[in-house]
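Numbering (this note's numbering), first residue to last: 1 to 409.
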């Protein structure tokens, strides 16, 4: 139990840290993308304005446009900015390609880029490491391509570095949390140990007076004869004895290693042995009992505790099934796992209560549970046994007319 608690603490802490790191990485990279894209769009917008102005240089002497945007008046800016312009008619046919400020692309390829984008109706975006924007005037369509190799490499590098930093941080934080997790849960672990020790010690202390009370009731019955008072003393003493035994069993199952001496045993034989008395009891009560236990099933674990779980489930099915109702018991293998299913017809007033059936001392029908001798701990023990064998158990009911308990080991 403590190990599960430790790993849950580690999982919760790592999930929170991972979420924070992912949010930061996403914000940084998206923010960088938007800032870089906005800056490139400003450059493209400046080129377009220059192309549309009347102060253009003569073709023999291309002049780099002047930009009004901050940071774009630096002396080296025009030497690090590469772009080309494709002019097309209104139908999208290439008329002219201007590549005075770039040498890494041919006119044919530049024209293909423009025709492809205009044919797809795309106005702006990234295409083959170029940031582009298409403009339409009264006489032509102009597509400006800005070389974005440097920006692309920077964004890619930032993405890789942020990912590596996040991964490294996760590993370091996991190592630190793993080392500190035991110390973090140590107060809770001490409380649990004290609680288990108290239950065990109190259980042993209570057994002695219970035995004395039961013996005294027998003596009274021998001297004065049987009456309702001695019968009630015996009934309540037996119920309290069972409750103490269940509490001690549940406390033992909560330990770190409840079964120190596990061994391989025949699950099929154990199921047959556990089911036999309940099959006879169901027959006596006039209930239909059906069982299907696969042959040759083996399980590595603790045979007595698994048989106790089966007995708890079958006991509930016999006690709480309808009069003349149906009970089914199945044990089988699927995908390398062992399954134990107990089905019985019944009347469930509130199907939502099913999720609480494994809570300790929970009983949906208190009066009926008292009449049948229930303590509200049996299903908690069954759940602890299943979890101690690396599995789980759950209950299901579709319409409240039946219930099925399914344990996977």
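Beta carbons: idealized from backbone N, C-alpha and C, even for Gly. Owing to the predicted nature of the structure, the values given are computational and were not obtained by experimental measurement.
Query, Result
"Nearest-angstrom Cβ-Cβ length linking residue 143 and residue 176, presumed shorter than 8 Å", "Not confirmed; about 53 Å, so no contact."
"Where residue 334 falls: helix, strand or coil (DSSP)", "strand"
"Alpha-carbon to alpha-carbon, residue 91 and residue 55", "Residue confidence for residue 55 is low, a pLDDT of 49 falling below 50, so the modelled location carries little weight; the figure read from the coordinates is stated next. Near 28 Å, if we compare the C-alpha coordinates of residue 91 and residue 55."
"Close-in-space but distant-in-sequence residues of the same chain around residue 333 (CB under 8 Å, 5 per side omitted)", "294, 297 and 339"
"Reduced DSSP secondary structure (H/G/I, E/B, other) of residue 104", "coil"
"Helix, strand or coil at residue 298 according to DSSP, with G and I counted as helix", "strand"
"Between the CA atoms of residue 97 and residue 105 - distance to the nearest angstrom", "11 Å"
"Stretch-stretch touch, CB-based, cutoff 8 Å, three pairs: the stretch 301–311 with the stretch 273–291", "yes"
"Residue 491, enclosing beta strand (DSSP E) - first and last residue", "No answer is possible for residue 491: it lies beyond the span of the chain, which begins at 1 and ends at 409."
"Terminal residues of the alpha helix (DSSP H) in which residue 278 lies", "267–284"
"Reduced DSSP category for residue 291 - H, G, I as helix; E, B as strand; rest coil", "strand"
"Host alpha helix (DSSP H) of residue 351 (start-end)", "It is not in any alpha helix (DSSP H) - residue 351 carries neither H nor E in the DSSP assignment."
"For residue 367, three-class secondary structure by DSSP", "In this prediction, residue 367 has a pLDDT of 48, which is less than 50 and means its spatial position is unreliable; what the coordinates show is noted afterwards. Of the three classes helix, strand and coil, the one that applies to residue 367 here is helix, per DSSP."
"Residues sharing a beta bridge with residue 406, DSSP", "341 and 394"
"Stretch-stretch touch, CB-based, cutoff 8 Å, three pairs: the stretch 321–328 with the stretch 381–399", "no"
"For residue 146, the first and last residue of its enclosing beta strand (DSSP E)", "141–147"
"C-alpha gap between residue 216 and residue 209, whole angstroms", "10 Å"
"For residue 329 and residue 368, the rounded distance between their alpha carbons", "The predicted model places residue 368 with a pLDDT of 49, which falls under 50 and marks its position as unreliable, so this point remains unresolved."
"Coarse secondary structure for residue 133, derived from DSSP in three states", "strand"
"Sub-8 Å separation of residue 347 and residue 400 beta-carbons", "yes"
"Where residue 387 sits in the DSSP three-state scheme", "helix"
"Closest Cα partner of residue 149 within the set 139, 140, 127 and 138", "127"
"Reduced DSSP secondary structure (H/G/I, E/B, other) of residue 190", "helix"
"Reference residue 151, options 241, 82 and 48, closest by Cα", "82"
"Residue 381 to residue 202 span [Cα, whole Å]", "19 Å"
"Length of the line joining the Cα atoms of residue 174 and residue 19", "14 Å"
"Whole-number beta carbon distance between residue 278 and residue 318, since they are thought to touch under 8 Å", "6 Å"
"Whole-angstrom distance between residue 234 and residue 222, CA atom to CA atom", "13 Å"
"Closest residue to residue 147 among 39, 182 and 238 (Cα-Cα distance)", "39"
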